[in-house]
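Worksheet for the structure shown next.
Residue numbers (the working numbering): 268 to 1035.
This is how it looks when you write it as C-alpha cells:
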C-alpha cells in the first residue's frame, strides 16, 4: 500500500477542513475525482502544475495558502534518492542554437583564457530571467570550448524544489557519473572531496551545475572542484559567492531572434517583417521564441501571420506560448512561487506601471506604500530571481512577458474595480508629482508645499531630472487623464510645466501637450484658463511646429478669451504671441502694434516678466527696421535693469537675460561691433548652459559663430559650429526650430553661408 505524500496529506487536510467531498472539489476545480483521490493516497506523486493550480483555485486558497500549496506540490516524494534522481543526463546541445556570440566569447575567455602562474580558474555563474536560455547557453559554451572532448558532469540542483539538493547529494551525484553506482556513497563532504580528487586526477572533466538554489548549496562544490572548469546556472544572482565570474543573459538581440525563428520555422521564408513582430511579441526571450517556432512548425497549415493574429491579443499571449511541455508561463511561475506574499503582491502591482523603466518611488506608489526603502529591498529580491531587470541608476525594467504574467495573477487576486482604482491612484500620483516638479519653475507656485498625492522635490535640479527621466510615465498618464475628462488636473499640470517647456524643447511633444490643455480648459468653460493655454499652444506652434500662421490665429483666439475674462496679464501674453509670430512672418507693422498692446496690458497688470519680454520684442522689431543703435541702447538698458534685481539669477530672469543677449549680438554684428558681439555671445552661451538647455546653447552659438566669422576668427568659428551641431543632435528631434538651426549651422561649417547672408531670425528664443 502506498504511503500518502506530504502534498497528498495537505490536499486531504484542506479538502476535509472545508467539508468538501472528492466530488465537490472535482466540480469546483475541474480535476477528476480519480486524480484527486490518487494524489491524496500517494498513488500519484508528481502532479502537473496546471492540476495543482486548478486545485488551489477550487479550494479557494488565499495568496499565502496558495503559495504554500504550490511549494508542497514541488517537494520531492519520500524515498527518492536525490543524487540518483538527478542522474547524469545532461541537456542536449540544440542544433539550431542562435545568437549569444558575445556572451560565448566572454565565457570561454573566463573558462579557458590565459592565466598567470598560480592563478586559479574561476567558476562561471550564468544568471538571467526565466526562459532566457541559461542552461542551453551553458551547454553551448562547453561544446565550443577547447576542452569539448573532456566529459561533462551535469547535475540539476532542483533550485526551485521545496527541498533542493544538499551539497553532499550534489557531489554524490557527480561521483556516480564518474565511478558508477556500485561505489559506496560518501558519508560526508570530506570523504566526497577525497573521492572526487582521486576520480579526476586521471582525466579532466567539466562540471555543469544547473539551477542553483543559493550560495550555500554550491559553495562547497566550487571549493572541491577548484581545478576544474565549472559552470553554474541560476535565476538568482548568487551575489555571495566569492572568486567567481558572472555572466548575465538578457533577451536576444532582435536580429538574433529573427535568425532563430527563421531556423525554427522553415516555411516563414524571408518574411523578416512578420518575424520581427513575432520576436517583439515574444520579448526576444529564447523560450518564447522556441515555443512559437514549435507551434508553427508542427502545424504545416499555419503560417506566421496566423499566429501573429493570436499573439497580438495581449490577454491570450501567455496562454498561446505553450508547445508540449514547453510553457513560458510555467517557467515564470517557478520564480513567482518563490516569493513571499508581500513581494509577490509588489510584483503583481508593478505590472500596472507602464514605460520601459521605473524606480522604487513609483513602485511604492503602485502598492500604496510610504516605505520606499522596504519596497526597494523587495525590488532587489525580484531582480535576484530574474523577474525584474536592474537597469542602473536605481531603475528597474519589467519585460513584457513578465508584465503579462503579473497582470494575469493580479486579475486572479483582485477584482476589476480594484484594478481600475489602483490605476487611477498611480496616475494621480504621477501627475501630482509632475505638478510639484513643475512648481520649481513657476514663480507663482510654492515649491515646498507637499502634494496631496505624489512626491516632492528638494531642488530645481532634482525636479528637472525627474521631469525628464519620468516623461515615459507622466506623458501617457497626462494623455489618459485628458481622455478621461480629468480637466482640472490637466490644466493644472500644464500650467505648472509651461515655463519648464522653455528649456526642454527637444522633448518634441509640447504642441500635443498644450493642445490637450486647451481642450480641457474649453470643457471647463473658463475663459481665463482658455486664454492661458491658448497662449502656451501658440508658443508651441511658433517654436516646435514652425506654423507661424496658425500661431497668429491661436494667439488671437487667446486674446479674445483674455478680453472676455477681463484679465490684463493674459491679454498681454496673447498680444505678445501675435507680435512674435507676425514678426517672424515679416509683418513688421502688425508685430509692432501687437507689441505695443502687450506693453500696455502688462504695465496695467504689473506683470514684470511679460513686460520685459514685450520690450525685447520691440528691440527685435527695431533690428529688423535697421534701427540697430536704438536697439543696442534699449537692450543694454534692459540688461542693466534686470541684472540689478535681486533675482538676477532666477530661472525666469535668466530666460529674459538670454533673450536680450541674443538680440544684442545681432545688433552688434549689424553695426560692425564684432568684438562686442563675441563678448555678448559668450555671456549668452554661459547663461544657456546654466539653464541646462542644449537648444539655447546651440542657438546662441549660431550668433556667436557669425560674430567670429566677421571678426576673422574662422578657426574658432569652425570649432564652435561642430560643437553646436553635436548639441543639436542627428536630426531626430521633432522640433521645427532644431531642424532650422541644424541646417544653418551646417551651412556655416561648409563655408556656404557668411554672417552677412545668413538668415536674420532675430530672437527665436522660445519664451513662453
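Backbone N, C-alpha and C fix where the C-beta goes; we use that ideal spot for every residue, glycine too.
If you're wondering where the values come from, they're calculated on a predicted model, not measured in any experiment.
*Would you mind stating whether residue 322 and residue 272 have Cβ atoms separated by less than 9 Å?*
no
*asked:* Can you tell me whether residue 284 is helix, strand or coil according to DSSP?
replied: helix
*If we count the other Cβ atoms within 10 Å of its Cβ and call it buried at 16 or more, is residue 274 buried or exposed?*
buried
_C-beta contact flag for residue 788 and residue 758 at 9 Å_ = yes
*State whether the segment 499-509 contacts the segment 380-397, with contact taken as three or more CB pairs (one from each stretch) at a distance under 8 Å.*
yes
*Contact the segment 916-930 vs the segment 866-873: 3+ CB pairs below 8 Å*: no
_Using 8 Å for Cβ pairs, my map puts residue 366 next to residue 523. What's the rounded Cβ distance?_
3 Å
*Should residue 703 be labelled buried (16 or more other beta-carbon atoms within 10 Å of its own) or exposed?*
buried
*For the beta strand (DSSP E) that contains residue 803, what are its first and last residues?*
Note, residue 803: premise wrong, no beta strand (DSSP E); alpha helix (DSSP H) at 794-807.
*Give the secondary structure of residue 580 by DSSP, where H, G and I count as helix, E and B as strand, and everything else as coil.*
coil
_Where residue 321 sits in the DSSP three-state scheme_ = helix
*Taking buried to mean at least 16 other C-beta atoms within 10 Å of its own C-beta, is residue 478 buried or exposed?*
buried
*Residue range of the unbroken beta strand (DSSP E) whose run includes residue 656*: 656-659
*Between which two residues does the beta strand (DSSP E) harbouring residue 760 extend?*
Note, residue 760: premise wrong, no beta strand (DSSP E); alpha helix (DSSP H) at 754-764.
_Any alpha helix (DSSP H) of 4 or more consecutive residues that is wholly inside the segment 831-881_ = 835-851, 855-872
_Local Cβ density within 10 Å of residue 673, reported as buried at 16 or more and exposed below that_ = buried
*Can you grab the Cα-Cα spacing for the pair residue 335 / residue 289, in whole Å?*
21 Å
_If I measure Cβ to Cβ from residue 817 and keep anything under 6 Å in the same chain, skipping five residues before and after, which residues do I get?_
808
*Strand pairing of residue 590, partner residues [DSSP]*: 593
*Residue ranges of each alpha helix (DSSP H) run of no fewer than 4 residues wholly in the segment 707-751, ordered along the chain?*
727-736, 738-750
*Going by the CB atoms, is the gap between residue 557 and residue 587 shorter than 9 Å?*
no
_Below 8 Å, how does it come out for the segment 827-838 and the segment 852-860: are there three or more Cβ pairs, yes or no?_
no
*Where do the ends of the beta strand (DSSP E) carrying residue 920 lie?*
Premise fails: residue 920 lies in the alpha helix (DSSP H), 918-937, not in any beta strand (DSSP E).
*Locate the alpha helix (DSSP H) running through residue 941, then write down its first and last residues.*
941-957
*Rounded to a whole number of angstroms, what is the C-alpha to C-alpha distance between residue 469 and residue 460?*
15 Å
*asked:* Let's test the definition: count the other Cβ atoms within 10 Å of the Cβ of residue 960 and tell me whether it reaches 16, buried, or not, exposed.
replied: buried
*Using 8 Å as the Cβ pair cut-off and three pairs as the minimum, do the segment 431-448 and the segment 406-417 touch?*
no
*asked:* Can you tell me whether residue 724 is buried or exposed? The criterion is at least 16 other CB atoms within 10 Å of its CB, across all chains shown.
replied: buried
*Taking just the CA atoms, how far does residue 740 sit from residue 623?*
9 Å
*So residue 550 packs on residue 518, CB below 8 Å; how close in whole Å?*
6 Å
_Among 864, 715, 608, 733, nearest to residue 771 - alpha-carbon criterion_ = 733
*With which residues is residue 690 paired in a DSSP beta bridge?*
The partner list for residue 690 (beta bridge, DSSP) is empty, contrary to what the question assumes.
*Please report how far the alpha carbon of residue 359 lies from the alpha carbon of residue 641, in whole angstroms.*
42 Å
*Under three-state DSSP, which class holds residue 390?*
strand
*Residue interval of the alpha helix (DSSP H) (run including residue 905)*: 895-910
*May I ask you to verify whether the segment 924-931 touches the segment 888-904, counting CB pairs closer than 8 Å and requiring at least 3?*
yes
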